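Here the structure comes first, spelled out in C-alpha cells, and everything after it is commentary.
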Amino acid sequence: MLNAALERLEAAVAGLERAAARRLELEQRRGDLETELSLMQDDRARLAVELDGALARLERLEAAADDVSRRVERAMGAVKSVMGAEGQP
Numbered sequence: 096m097l098n099a100a101l102e103r104l105e106a107a108v109a110g111l112e113r114a115a116a117r118r119l120e121l122e123q124r125r126g127d128l129e130t131e132l133s134l135m136q137d138d139r140a141r142l143a144v145e146l147d148g149a150l151a152r153l154e155r156l157e158a159a160a161d162d163v164s165r166r167v168e169r170a171m172g173a174v175k176s177v178m179g180a181e182g183q184p
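The number in the numbering used here is simply the position in the sequence shown, starting from 1, with 95 added.
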C-alpha cells in the first residue's frame with residue numbers, strides 16, 4: 096500500500112514537472128513573440144516616417160516638374176514668337 100502511494104506520488108510529481116516545463120516553454124515563446132511584436136512595431140513606425148519623407152519628396156519633385164514644364168512651354172512660345180516675327184517681312 097505504501098509502495099502504491101509512493102508510485103502515485105512519483106507519477107504526480109513527474110506530471111507536475113512536465114506541466115512546469117511546458118509552462119516555462121510557453122512563457123519563453125510568449126516572450127519571444129512579444130519581442131518580435133515590439134520589433135515589428137518599431138519597424139512599422141520607422142517605415143511610416145520613411146514613407147512620409149518619400150511622399151514629401153515626391154510632392155516637391157512634382158511641383159518642380161510642373162514648374163519646369165511651364166517654363167519650357169513659355170520658352171517654346173517665345174521661340175515660336177521670335178521665329179514668326181523673323182518670317183514676316
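Glycine included, C-beta positions come from ideal geometry on N, C-alpha and C.
Treat the numbers as computed from the prediction; the structure is a model and nothing was measured.
A distance below 8 Å between beta-carbons, with the five flanking residues on each side excluded, links Ala-140 to no residue of its chain. Rounded to whole angstroms, the separation of the alpha carbons of Ala-173 and Glu-181 is 12 Å. Here Met-96 carries a coil assignment [DSSP, helix/strand/coil].
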